[in-house]
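The numbering used here puts the sequence shown at residues 53 to 312.
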Amino acid sequence: MVNFYYNEYFADGDGLTDEELEQEAVTSACQLAVRYVKHSLRPQAEKNKRGYIERDRRAAHDRLMKDYFDEAPTFSNEFFRRRFRMSKRLFQCIVDELEANYDYFKQKPDARGALGFTGIQKCTSALRILAYGNTTDINDEYLKMAEKTTRDSLEHFCRGIIDVYGARYLRTPTWDDLQKIYEVHNAEHGLPGMIGSIDCMHWRWDNCPTAWRGQHTRGDQKDPLLFFRRLLHRTFGFGRLTLAWSGHAMISMFLNNLRC
């Protein structure tokens, strides 16, 4: 190393003796060595690594089963329908269909060999987001499911529902279907031209034009409202949405404009 520095930087001499040049080279080499050692001993900045959180998904699964799916669950079927927005039988049917058709909803081991979430956990997570409009990290406490897994479950759930049930339920009624429904409804209720109503809602119209507020405001409400009625026929399995507007119903067929 001394010879390298001597030949590289001090070979031309500049009037110095060989002994002086060698001493300069040794001094420079020692200084560089000291700087290198100090740099090597300096503590390096730690990389920001995301810590693993042991969420105990197995315990979360057992708690979910005990609350809703055991033979004697903690919460009754009425609680289940209110919190899942459907019956337990329908929910279990959906879970079975998704597990049978999509590998994502099957329980599999992760990279560490630990079993992942079950189909019931993933479907429950997706339904909680859809039913309540919660954020994707809301399921971390009860279902022990991380935010990314919740988003993935929601996306796969929606795609799976459309793929499995879309052709059967999300279809436009034919003219023959409508004629049969009209006849049945007229015979039962004496209201010709109506498919049937299973739900309705009043939507507050914040941006209603001032000139229209009078015709869209009821006596028991101070704000103008839009009246929505959701229609579905139990036999044919398709639906539509009606919007009450100035006494007239503007009907949009289920598939043409709206995806409910």
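For every residue, glycine included, the Cβ atom is placed at its ideal position computed from N, Cα and C.
Which residues share a DSSP beta bridge with residue i?
{"i": "P161", "result": "L167"}
How many Å lie between residue i and residue j at the Cα?
{"i": "T187", "j": "G242", "result": "45 angstroms"}
{"i": "D108", "j": "K118", "result": "16 angstroms"}
{"i": "F127", "j": "L142", "result": "17 angstroms"}
{"i": "G212", "j": "H237", "result": "33 angstroms"}
{"i": "E123", "j": "R164", "result": "33 angstroms"}
{"i": "I313", "j": "L167", "result": "This structure leaves residue 313 out entirely; the chain is present only between 53 and 312."}
{"i": "P225", "j": "Q231", "result": "10 angstroms"}
{"i": "D229", "j": "H113", "result": "44 angstroms"}
{"i": "W257", "j": "D275", "result": "7 angstroms"}
{"i": "D204", "j": "Y234", "result": "42 angstroms"}
{"i": "N191", "j": "V89", "result": "51 angstroms"}
{"i": "L84", "j": "P161", "result": "53 angstroms"}
{"i": "H208", "j": "A239", "result": "42 angstroms"}
{"i": "E106", "j": "L195", "result": "13 angstroms"}
{"i": "E71", "j": "C82", "result": "17 angstroms"}
{"i": "Y221", "j": "P125", "result": "31 angstroms"}
{"i": "K200", "j": "N259", "result": "36 angstroms"}
Let me confirm a value: residue i is counted as buried when at least 16 other C-beta atoms fall within 10 Å, else exposed. Which label applies?
{"i": "P261", "result": "exposed"}
{"i": "R87", "result": "exposed"}
{"i": "R139", "result": "In the sequence as displayed, the identity of residue 139 is Ser instead of Arg. By the 10 Å Cβ count, S139 comes out exposed."}
{"i": "R286", "result": "Here R286 scores only 49 on pLDDT, less than 50, and its place in the model should not be relied on; the value that follows carries that caveat. Result: exposed."}
{"i": "Q173", "result": "buried"}
{"i": "I181", "result": "buried"}
{"i": "K158", "result": "exposed"}
{"i": "T79", "result": "exposed"}
{"i": "C210", "result": "exposed"}
{"i": "A77", "result": "buried"}
Does the distance from the CB of residue i to the CB of residue j come in under 7 angstroms?
{"i": "G171", "j": "E151", "result": "yes"}
{"i": "R137", "j": "A183", "result": "yes"}
{"i": "V216", "j": "E130", "result": "no"}
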